[in-house]
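Chemist: Here's a structure for you.
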Amino acid sequence: MEIKDDIKAWFKYFAPFFALIILFESVTRIIVFGEITFDGLQFLFFVPAMASTLSLFTGFHKKKPVPNSVIFLLITLILSIYYISQIIYFNNFGSLYSISLVKMGAEALDNFGWALKATLRSSALIILLMLVPIAALTITIIIKKNAMAGFSLHLRAMVLAMTVSLWLLSVLALMSFGTGRTSAYHALTDPYTDTDTSAEKIGVLMTSIVESGAYFFGAGSNTEAKLESADLSAYMSLSGDNGPVQNGLEDVPGSGSDTGGYKDISGSEAYDNDISSAASAENPDEETKYHKDDRIDIDALRAGTDNDDIAALCDYFNEKEALPFNDHTGLLKDHNLIYICGESFGPYALNEKVTPLLSKMAGEGIVSPNYYTSYKNTTTNGEFAFLTGLWPDVSRYAADGNAVGSFARSYDKYMPYGLGTLFKNEGIPSFAYHGYISSYYRRGDSWPNLGFETIKFMNEGMTFKNYWSPSDLELMEQSVDDYINEDRFVAYYMTYSGHGDYTTDTYMYLKNNAAVRELLGDDAKNYSDSEISFFCGNYELELSLEYLTDRLKAAGKSDNTLIVIAGDHVPYYFTPDEMKDMAKKSGMDYDRDFEMYRSTLIMYTPALNEVNESFCCNTDVLPTVLNLLDIDYDSRFIMGMDVFAKGTHRARLYNGNFITEYVKYNASKGKAVWSEKGETLTDWQKEIYLENMIKYTEAEYAASIKLMDNDFYRELFPEE
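Per the numbering used here, the sequence shown starts with residue -5, numbered consecutively.
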């Protein structure tokens, strides 16, 4: 009889935890992902194990229900707060938070607490609803004072054994649904899985458990397989004059060979030197030049290292072809460069009435209609890719003992391909400016490490009338004099005025609301207050560009200055419905997997006026600029690709999704949507093309992370 009472006592803890986790997971999933799919239900495999684990922390007092009740309600409250905090974070930043980002929690609240107020107001109803279960449980326990009895040590030992078994069974159950790269099991075990993708596959709480294991104990950190090289030359020849080439196999209709109608050309000169042969075809009488540093000896580094990661990187980079010069190499040689990472900047900010100069610049110079920002949120990721051409770490290992994110972690690494260093090596002075404090994301440490010589921040060389949000116009007014009279210069800006939230009580709204509504005229009634607030922030960026271009013109520098502007991420302070509305008003399509990330890249100079339709993203901007300005670099060690280079161009998103001229590939779902051009390929060609593109995408990302973690550039240049 006693064992039955024990089991009943234990079940009173297990059952509420079981129900609460399912409830909270379901609500969070609907809010974050907009739906609950069949595949998304695989988080249920872990619920019994998680509920059983939590029950082990309860019921210690066999005959004292009050302490039992307090502990039970405390755990329930912590569980409720965890899910509420994830929802608040999502409503504020557009994604779930990772365990590595918890480290920045206090600093983020201190710096961006003002934006949180609006999020709390808008999330008040869901917060209250999420607190209903604990309120109901509290009332029930008060009414039934002796409800929460304890259970014996004997049963506790049995529950512990059962819990271990449940964890093992949950993993086995997950494996039974597949272990491929789109499976929930892959999300569980792949160290490069981002937080949102993992949460969609295995659940929010389970994702935090896995990330905690990775962050605190380094669990599951083997990443060797990801550095498997794709056969680049195979799919780079898809649109060649000789017809599609796939994985070293050329289409030979009716050949009847074992390759299924394809002959093996992998050993041929045309196959192995696809890039160089394409370049030579343009200039048959000239020796092909490459973006390559002949001082680098990868073979010697490979032979001399006993570090497995360094060896793997050497093997990976040894197989990469350097990009040859192309017909745009050096077209803007001797130009100055103004390089601007625009806070939340993108196509929604372009309005011919409110931002006429930005709209003009976006439609002239080098126009890139297929540019995508890779990131949903977190400025440091987009900025790092923009300045280095490398992929930042958004995996469950995205922090170390020093800082969160690749940008902040780069401060003590050797960064020879940082924007400032590349120009400094050419004898060109470099400048960098930001309207906020230097400690956030450790810019005060990382920017000098990227080679910037003159650097100014809020309260460190510049002052602003308002702390939230500092004015981009004031930023420009306090910086242009530093470089405008230099013979050559590169100036980098990280702007701020476009930062959310987009409400009627922000400084930018109060400052520019009247002007923006006057400029919009009758159109103002078509925009909500949040959309007007967004325009107010970008109107300040417009004013800063007007000031900059006026100063360049007065100094006689307009014609030999390239202005580059790209956003750090999507304007995530908009809700999905608001973003969809802004897309419609901007004449754009919208979906949450791809088109939400379609953005604007401005590369403006009077010297060029053309459209480049290459699919590209944040990492591709730097190598494109270096090629145009004829700045020396080794293209093998930058993950981005010059948009004018021969080869396969692709826009990659933070979660592994990518877009090419042939396909849109959703990495989480394993779903490929082929374009009209893609539909001209045979099924077999599609299969090989997609497999190579996935390998290419995965390896490039893994190489970026390993490169940074192992200070690989310092190994390449040991004497610098």
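Think of the CB as a built atom: it goes at the ideal place given N, C-alpha and C, for glycine as much as any other residue. On a predicted model such as this, the values are computed, not experimentally measured, just so you know.
1. Is the number of C-beta pairs between the stretch 88 to 95 and the stretch 27 to 42 that are closer than 8 Å three or more?
2. Could you tell me the distance, in whole angstroms, from the CA atom of residue -4 to the CA atom of residue 157?
3. Are residue 573 and residue 590 touching if we call contact CB-CB under 8 Å?
4. Mapping DSSP to helix, strand and coil, what is residue 403?
5. So, helix, strand or coil for residue 720, using DSSP?
6. On the DSSP letters alone, give me the boundaries of the beta strand (DSSP E) that residue 165 sits inside.
7. Can you name the start and end residues of the beta strand (DSSP E) that residue 449 belongs to?
8. Identify the continuous beta strand (DSSP E) that holds residue 668 and give its terminal residues.
9. Report yes if the C-beta distance between residue 196 and residue 181 is below 8 Å; otherwise report no.
10. How should residue 64 be labelled, buried or exposed, when 16 other C-beta atoms within 10 angstroms of its C-beta is the threshold for buried?
11. When the Cα atoms are used, what is the spatial distance from residue 163 to residue 373?
12. Name the DSSP bridge partner or partners of residue 646?
13. Look up residue 613 in the DSSP assignment and say whether it is helix, strand or coil.
14. Using the three-state DSSP reduction, which class does residue 522 fall into: helix, strand or coil?
15. So, under 8 Å CB-CB, residue 153 and residue 50 are touching, yes? Tell me the CB distance rounded to an integer number of Å.
16. Is the CB-CB distance between residue 534 and residue 620 below 8 Å?
17. Going straight from the alpha carbon of residue 741 to that of residue 413, what length do you get?
18. Between residue 487 and residue 469, how many whole angstroms is the CB-CB distance? I'm expecting something under 8 Å.
19. Buried or exposed for residue 238, please, with buried defined as at least 16 other CB atoms from any protein chain shown within 10 angstroms of its CB.
20. Residues in its own chain within less than 6 Å of residue 178 by CB, not counting five upstream and five downstream?
21. What is the DSSP secondary structure of residue 426, reduced to helix, strand or coil?
22. Taking the C-alpha atoms as reference points, what is the distance between residue 549 and residue 326?
23. Are there three or more Cβ pairs, one per stretch, closer than 8 Å when the stretch 320 to 338 is compared with the stretch 641 to 648?
24. So what does residue 486 bridge to, in DSSP terms?
25. Going by the beta-carbon positions, is the gap between residue 332 and residue 704 smaller than 8 Å?
26. Determine the DSSP secondary structure at residue 555, reduced to helix, strand or coil.
27. For residue 13, which residues of its own chain have a beta-carbon under 7 Å away from its beta-carbon, when the five flanking residues on both sides are left out?
28. Could you tell me the distance, in whole angstroms, from the CA atom of residue 564 to the CA atom of residue 150?
29. Can you check whether the CB of residue 648 is closer than 8 Å to the CB of residue 368?
30. How is the alpha helix (DSSP H) around residue 67 delimited, first residue to last?
31. Locate the alpha helix (DSSP H) running through residue 460, then write down its first and last residues.
32. Going residue by residue through the stretch 347 to 377, where are the continuous alpha helix (DSSP H) segments of at least 4 residues, counting only ones entirely within it?
33. Rounded to whole angstroms, what is the Cα-Cα separation between residue 83 and residue 286?
34. Measuring straight from C-alpha to C-alpha, what distance separates residue 439 and residue 10?
35. For the beta strand (DSSP E) that contains residue 658, what are its first and last residues?
Modeler: By the coordinates alone:
1. no
2. 21 Å
3. yes
4. helix
5. One cannot answer for residue 720 here, as it falls past the ends of the chain, which runs -5 to 714.
6. First-last for residue 165: 147 to 170, but that is the alpha helix (DSSP H), not the beta strand (DSSP E).
7. 448 to 452
8. 665 to 668
9. yes
10. exposed
11. 40 Å
12. 652
13. helix
14. coil
15. 6 Å
16. no
17. Absent from the structure is residue 741, since the part of the chain shown begins at -5 and ends at 714.
18. 7 Å
19. Residue placement at residue 238 is flagged as unreliable, the pLDDT there being 40, under the threshold of 50; the coordinate-derived value follows with that caveat. The residue is buried, with at least 16 neighbouring Cβ atoms inside 10 Å.
20. 36, 168, 195, 196
21. strand
22. 19 Å
23. no
24. 333, 426
25. no
26. strand
27. none
28. 49 Å
29. yes
30. 59 to 87
31. Here residue 460 belongs to no alpha helix (DSSP H), and DSSP marks it neither H nor E.
32. 350 to 357
33. 43 Å
34. 48 Å
35. 657 to 660
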